[in-house]
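Colleague:
Protein chains: 2
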Amino acid sequence: MRVFSGIPLRDVKVTGGFWGAYQELVRNTVIPYQEKIMADEIPGAEKSHVFENFRIAAGESEGDFYGWVFQDSDLAKWLEAVSYTLSAHPDPALEKRADEIIALIGRAQEPDGYLDTYFTIHQNLEKFSNLREAHELYCAGHMMEAGVAYYEATGKDSLLRIVQKLADMLYDRFISQKTKGYPGHQEIELALVKLYRVTGEGKYLELSKRFIDERGKAPNYFDKESTDFIVWGKPNGDYRYNQAHVPVREQREAVGHAVRAVYMYSAMADLAAEAGDESLYEACLGLWDSITKRKLYITGAIGATVDGEAFSIDYDLPNDTVYGETCASIGLVFFARRMLEICPSGKFADVIELALYNSVISGMSLSGTNFFYCNPLEVTPGVSGSLYGYRHVLPERPPWYSCACCPPNTARLISSIGSYAWGAGGGTVYSNLFINGSVKVQNTEIFLDTNYPWDGEIRYTFTGERSEFCFAFRIPEWAEAAEISLNGEIVDLSANLRDGYCYIKRVWSANDCLVLAFGMPARRVYAHTSIRENVRKTAVMRGPLVYCAEGTDNGGELQNIILPRVAEIITGIYDKDLLGGIVPLQASCIRLLSGDALYSGVPPREEEATLTLIPYYAWGNRGLNQMRVWFGE
Amino acid sequence: MRVFSGIPLRDVKVTGGFWGAYQELVRNTVIPYQEKIMADEIPGAEKSHVFENFRIAAGESEGDFYGWVFQDSDLAKWLEAVSYTLSAHPDPALEKRADEIIALIGRAQEPDGYLDTYFTIHQNLEKFSNLREAHELYCAGHMMEAGVAYYEATGKDSLLRIVQKLADMLYDRFISQKTKGYPGHQEIELALVKLYRVTGEGKYLELSKRFIDERGKAPNYFDKESTDFIVWGKPNGDYRYNQAHVPVREQREAVGHAVRAVYMYSAMADLAAEAGDESLYEACLGLWDSITKRKLYITGAIGATVDGEAFSIDYDLPNDTVYGETCASIGLVFFARRMLEICPSGKFADVIELALYNSVISGMSLSGTNFFYCNPLEVTPGVSGSLYGYRHVLPERPPWYSCACCPPNTARLISSIGSYAWGAGGGTVYSNLFINGSVKVQNTEIFLDTNYPWDGEIRYTFTGERSEFCFAFRIPEWAEAAEISLNGEIVDLSANLRDGYCYIKRVWSANDCLVLAFGMPARRVYAHTSIRENVRKTAVMRGPLVYCAEGTDNGGELQNIILPRVAEIITGIYDKDLLGGIVPLQASCIRLLSGDALYSGVPPREEEATLTLIPYYAWGNRGLNQMRVWFGE
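Taken in order, these protein sequences are the chains called A and B.
Each residue of the first sequence is one higher than the last, beginning at 1 in the numbering used here.
Each residue of the second sequence is one higher than the last, beginning at 1001 in the numbering used here.
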């Protein structure tokens, strides 16, 4: 069912430009920083204890387990990021370090393949007795993803063998022995598909399908689990939180814990693609619509409420109390990528890009050492992070979290972004994201050169042998007056445009040069009027970037800034010294000022002012500060 | 220090008009209904068990205590309402019932004067061991207020003797025996002043002053209380919740639990007045400003946050997640009344009236049998009362609450409103509120006749003997083009106006007729721009009434209704059949309608529509329904 698949990372280069800089940050700063975090070597940061947990489980150190039941997954995601980084940038020292860590993981694995330091250390606890809460299958899934990534990056099967042994044990338990159950936090389902794809072992696909198919069937498995071991609380019979309230094929509304949801939807799309499973695909399409038509922030954030880190009801998208977990946006990228591979439609690629450029990278400081868990669209110091109902919405990025799922998730996505940029299948090569670098495919190497997202000119240069294939490149939905030229000749775009992609089939020769150019004026965006908080407001975007105002540039009381509909939004000059290099925007605006009275018969007076906007992802890098995305218009 | 004091209720009549109808509702419906509630005779309502608790404490019934530690206070407040009702409307059957209940209370009192069924029934618990939480002094205070009220209404000292015995026991403990401590929930302080005023016993004033003076002193008493008996939780060292974080004289910001706060501020004003205590009065003035300049809703609601039922930070006044407890507005009326008696300034009387006509009576359905605890300014079914952060904001009034402080509090305030309307002192008679009826004072009887709040003509007719005194009547701050005439002759208002009151000193004769008339067009109100939620919005008031829109009259999606600044707000005709009789308002408005897209480059289209507004207090009487006070302008 898949029309195309991503290009293996070894065949993709990301060089320079916006994402090159991000990958460099991950390579040079984020990966070493997170390793130090897991070794508890960063003073003032939340304790991690991850390495020590593995040493204790391996019998090489004394002490107690520390952290959450899912603490192991931090290491797995970090190893995955390391793998992707090694794919493009061989680094013997880093690889040696990874090999040592993998060896430690191997020593922490139990003889039967079981791998989870929480349960290995807590020998009194019964394994697999609380699938709803205990995250064993979740951690297993992340370790499988790491094993696949490390194998693909280095050719070494050390971690792959570890996770296959683990997967074989799980297969034996849940398939051969017909033990009931499925994970409370989905993740292993998509990991098993990856494991199947790299090993060709159909049993892994079978196990993934089993977990998906059993989920939500009555009588509910979570009601039947009986254990004395409770992590947070006993089951209450409502499994919307876990997307286990009804069988997955019947689900059409995105509900519950947002990360669990999109991880599951990703696996559903994978399984639909592998098996041509139409009923699963129908569910995916319905869930996609539920998210993108009624439950998505303009930034690509999802999961509006702190109550269960979950999706709220339709159109309930508050800007100031939003949860918008970084991991949820990352999971949305996973889901969108899989939907795109089944059906190459711009609507999926646009959402990938929206989340990547906004709510994903807003999760990390420009320094690479501080991280957001929640990604608000409106922050007021003294309120955000402080008052009841706003305490989860931190106004500044801390150096780490006790629940540190987001930081290594961000690292693994950024370091693997090349595989999202390109795809190939059915004689067609796909360019989904405009990321500087190159791809080796179809006996050719295609180079992409651009200043995107700062301007809208994308230059593809073809090298290598003559090769006939169809080249499909994305035209963003918002692109203005897009034009294409091939070797200097204008090509009719509309004749070749289908569903957000332009398809050009020909024999490509060395030095063929295809240029896509579109206007990228700052544009206003209006929300559906059922989103209560955004009525009579506008947000500003340019290209894929959402813009925001910070107090640093605009003084305080941002709620009083009105952007009149007639005010032109002026695109500034790229400033390499500002916030790591950005194009700021400016507009004339009105600032409302009231007198001292709490209530008055006199409307606030209006003062002319200038509104300066910066890309949303870059907010919160200049100290404690007000921030706002939506402005009165 | 008091310039005037309220007129005893036996000398005031409330007849007909707006408040006459409310008092009739209290007399005929609310009092019998609440008696049935306390007898657990209303099916489907929360269990009360109040009468049974007293019977068990008296040894006349078997069983366990049921309810909160402050359950007794429901009966006390109900008896107070009964007393005020009997003052104006003798009712032998009701009085007999009250006598029986008072006798039961007497039998539940312990030999040493102790009176609190929670502790009398729970004999294992140590009395006065957890003043911070256990509400013994709070319940004592309410019983004292009832004792005073019943004595003043009927001349019977049965309940007065009970509460004096209780007060004497407390005096012995806290003054004679020098036992440390003060109540966690203030209330007894103001009650002791009432008890002092009616008995002339200085020791009650002394005890009140002791509680006020000791409060918040370091080391904090609540830190020192040691008990195994915990009601909700151990002390955490932060006593802002109880206004015991610093000595009361140092308090300038209204913080913590709003009801506790305003009950305490009321007692502070009482004590300042009794003793001419300037430092206490200074604190009262500062706290008054804190509330009215930075923490007051347009409706008179206070206590913005559910987190501790408390004041939030300055200007944090959300409309949809507001707490705005009915009791807090009632307590604000108490505080304002005392401030007014010290300094007859219109600013105090205006706030009394604002709260009375809006956030107090919004707490009760027009039927008198359903009650709000929280009084929101914006309600959306499916959100309010349902979603996290909104669960306290019920969109419809339930028949009772497990914590039922508000319903009997509303009853006692409405039934005593006559004493707020009038005052006398220093040879001046004060007319503070425009309430139909009459007052006997200065050997004369003054009749007040008006359709207020539906129009702005108030007619005072003087009867009885010729009498020289100054007559001071309030001119509301918002009154438009107020004019006065005496026996048909225009009198210069401005020459006689001082601080919101017009003073006319003369020998008043029978049939003197003074008419105050002012315009009362609907007017727009704008909030301070630091109130984030109300920026670019307007609310509509007419006279003392805040108006609101309901879905019933305006369709759904009220957030999309824009009231253009140029739109005239048209005052309707009084409709006696609508919501118990109201004057509705109408205006042309714009309704915004977007397409289906969640985000779009196209602004919502604008449709002309008509906005129908009803008085805020009357909302929620026509089924589940959207409601909103602030509109985009």
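Positions of the beta carbon are idealized from the N, C-alpha and C atoms, including for glycine.
None of these values were measured; they are calculated from a predicted model.
#1: Taking 9 angstroms as the cut-off, decide whether the C-beta atoms of alanine 167 of chain A and tyrosine 204 of chain A are in contact.
#2: With distance defined between alpha-carbon atoms, name the residue in B:Pro1399, B:Met1144, B:Arg1027 and B:Glu1152 nearest to glycine 1044 of chain B.
#3: Decide if the stretch 311-324 of chain A is in contact with the stretch 531-546 of chain A; the criterion is three or more beta carbon pairs, one per stretch, under 8 angstroms apart.
#4: Give the straight-line distance between the Cα atoms of asparagine 1436 of chain B and leucine 598 of chain A, rounded to the nearest whole angstrom.
#5: Tell me whether phenylalanine 1018 of chain B sits in a helix, a strand or coil according to DSSP, three-state version.
#6: Using a C-beta to C-beta distance shorter than 7 angstroms, which residues of chain B count as neighbours of leucine 613 of chain A?
#7: Rounding to the nearest angstrom, what Cα-Cα distance links glycine 556 of chain A and asparagine 53 of chain A in this structure?
#8: Lysine 293 of chain A touches chain B at which residues, Cβ-Cβ below 9 angstroms?
#9: Helix, strand or coil for phenylalanine 1229 of chain B per DSSP?
#10: Do you know offhand how far leucine 1448 of chain B's Cα is from serine 1438 of chain B's?
#11: In or out: tryptophan 1288 of chain B buried (at least 16 other Cβ within 10 Å) or exposed?
#12: Note down, in chain order, each residue of its chain lying with its Cβ closer than 6 angstroms to the Cβ of glycine 1276 of chain B, except the 5 sequence neighbours on either side.
#13: Counting contacts by CB-CB distance shorter than 9 angstroms, is threonine 529 of chain A in contact with chain B?
#14: How do the stretch 1184-1198 of chain B and the stretch 1207-1219 of chain B stand: do at least 3 beta-carbon pairs fall below 8 angstroms, yes or no?
#15: For the alpha helix (DSSP H) that contains serine 1061 of chain B, what are its first and last residues?
#16: Does the beta-carbon of lysine 635 of chain A have 16 or more other beta-carbons within 10 angstroms, so that it is buried, or is it exposed?
#17: Can you tell me which residues form a DSSP beta bridge with alanine 1424 of chain B?
#18: Quick check on valine 1082 of chain B: does DSSP put it in helix, strand or coil?
#19: If you drop the 5 nearest sequence neighbours on each side, which residues of the same chain put their C-beta closer than 6 angstroms to that of phenylalanine 1051 of chain B?
#20: Buried or exposed, going by whether 16 or more other CB atoms sit within 10 Å of the CB of tyrosine 1617 of chain B?
#21: Taking only three categories from DSSP, how would you classify tryptophan 1478 of chain B?
#22: Count the C-beta pairs between the stretch 514-524 of chain A and the stretch 468-486 of chain A that are closer than 8 angstroms, then say yes if the count reaches three, no if not.
#23: Please classify tryptophan 1232 of chain B as buried or exposed, where buried requires at least 16 other C-beta atoms within 10 Å of its C-beta.
#24: Rounded to whole angstroms, what's the CA-CA distance from tyrosine 1171 of chain B to asparagine 1220 of chain B? Just pull it up for me.
#25: Measure the alpha-carbon distance for isoleucine 504 of chain A versus tyrosine 182 of chain A and round it to whole angstroms.
#26: Would DSSP call cysteine 284 of chain A helix, strand or coil?
#27: Under a three-way DSSP split, which group does alanine 1411 of chain B fall into?
#28: When you compare the CB positions of glycine 6 of chain A and arginine 337 of chain A, do they come within less than 9 angstroms of one another, or not?
#29: So for valine 393 of chain A, helix, strand or coil by DSSP?
#30: How big is the Cα-Cα spacing for glycine 1020 of chain B and serine 588 of chain A?
#31: When the Cα of glutamine 1109 of chain B is compared with those of B:Val1259, B:Ala1057, B:Val1383 and B:Pro1090, which residue comes out closest?
#32: Quick one: any contact between the stretch 1008-1017 of chain B and the stretch 562-579 of chain A, if contact means 3 or more CB pairs under 8 angstroms?
#33: Under a CB-based cut-off of 9 angstroms, is isoleucine 562 of chain A close to chain B?
#34: Do you know whose CA, among B:Val1379, B:Ala1267 and B:Phe1119, lies nearest glutamine 1626 of chain B's CA?
#35: In chain order, what residues of the same chain lie with their CB nearer than 7 angstroms to the CB of asparagine 554 of chain A, ignoring the 5 residues before and after it?
#36: Can you look up threonine 1380 of chain B in the DSSP assignment and give me helix, strand or coil?
Modeller: Checking against the coordinates, here is how it stands:
#1: Going by C-beta atoms, alanine 167 of chain A is nearer than 9 angstroms to tyrosine 204 of chain A.
#2: The residue with the shortest Cα to Cα distance from glycine 1044 of chain B is B:Pro1399.
#3: In short, these stretches touch, since the Cβ pair count reaches three.
#4: Going from the Cα of asparagine 1436 of chain B to the Cα of leucine 598 of chain A covers about 31 angstroms.
#5: Phenylalanine 1018 of chain B: helix per DSSP, three-state reduction.
#6: Contact annotation for leucine 613 of chain A against chain B: no contact, minimum CB-CB distance about 17 angstroms [criterion: below 7 angstroms].
#7: Asparagine 53 of chain A has its alpha-carbon roughly 46 angstroms from the corresponding atom of glycine 556 of chain A.
#8: Those within 9 angstroms of lysine 293 of chain A in chain B are Asp1596, Ala1597 and Leu1598.
#9: Phenylalanine 1229 of chain B falls in the coil class under three-state DSSP.
#10: Each residue's Cα considered, the two are about 6 angstroms apart.
#11: By the 10 Å Cβ count, tryptophan 1288 of chain B comes out buried.
#12: When the five nearest sequence neighbours on each side are left out, the beta carbons in the same chain lying within less than 6 angstroms of the beta carbon of glycine 1276 of chain B are those of Met1001, in order along the chain.
#13: For threonine 529 of chain A, the nearest beta carbon of chain B is closer than 9 angstroms to its own beta carbon.
#14: Of all C-beta pairs linking the stretch 1184-1198 of chain B to the stretch 1207-1219 of chain B, three or more are shorter than 8 angstroms, placing the two stretches in contact.
#15: Segment: none, serine 1061 of chain B is in no alpha helix (DSSP H) and carries neither H nor E.
#16: Because chain A in this structure spans residues 1 to 633, residue 635 of chain A falls outside the shown range and cannot be described.
#17: Under DSSP, alanine 1424 of chain B takes part in a beta bridge, and its partners are B:Ser1005 and B:Val1429.
#18: The answer is helix: DSSP assigns valine 1082 of chain B an H, G or I state.
#19: These residues qualify, in order along the chain: Met1038 and Ala1039.
#20: Tyrosine 1617 of chain B comes out buried.
#21: In the structure shown, tryptophan 1478 of chain B sits in coil (DSSP, three-state: anything other than H, G, I, E or B).
#22: Using a Cβ-Cβ distance cut-off of 8 angstroms, the stretch 514-524 of chain A and the stretch 468-486 of chain A are in contact, since at least three pairs of beta carbons, one from each stretch, lie closer than that value.
#23: Classification of tryptophan 1232 of chain B: exposed, given that the 10 Å Cβ count is below 16.
#24: Each residue's alpha carbon lies about 21 angstroms from the other.
#25: If I take the Cα positions, the gap works out to 45 angstroms.
#26: Of the three classes helix, strand and coil, the one that applies to cysteine 284 of chain A here is helix, per DSSP.
#27: Per DSSP, reduced to three states, the secondary structure at alanine 1411 of chain B is helical.
#28: Yes, they are a contact pair.
#29: In the three-state reduction of the DSSP assignment, valine 393 of chain A falls in the coil class, being assigned neither a helical nor a strand state.
#30: One C-alpha to the other measures close to 56 angstroms.
#31: Between glutamine 1109 of chain B and the set B:Val1259, B:Ala1057, B:Val1383 and B:Pro1090, the nearest pair of CA atoms involves B:Ala1057.
#32: The answer is no - the stretch 562-579 of chain A does not touch the stretch 1008-1017 of chain B, with fewer than three Cβ pairs under 8 angstroms.
#33: Answer yes: the Cβ-Cβ gap between isoleucine 562 of chain A and chain B drops below 9 angstroms somewhere.
#34: Closest by alpha carbon: B:Val1379.
#35: These residues qualify, in order along the chain: Ile561, Leu611 and Thr612.
#36: Three-state DSSP puts threonine 1380 of chain B in coil, outside helix and strand.
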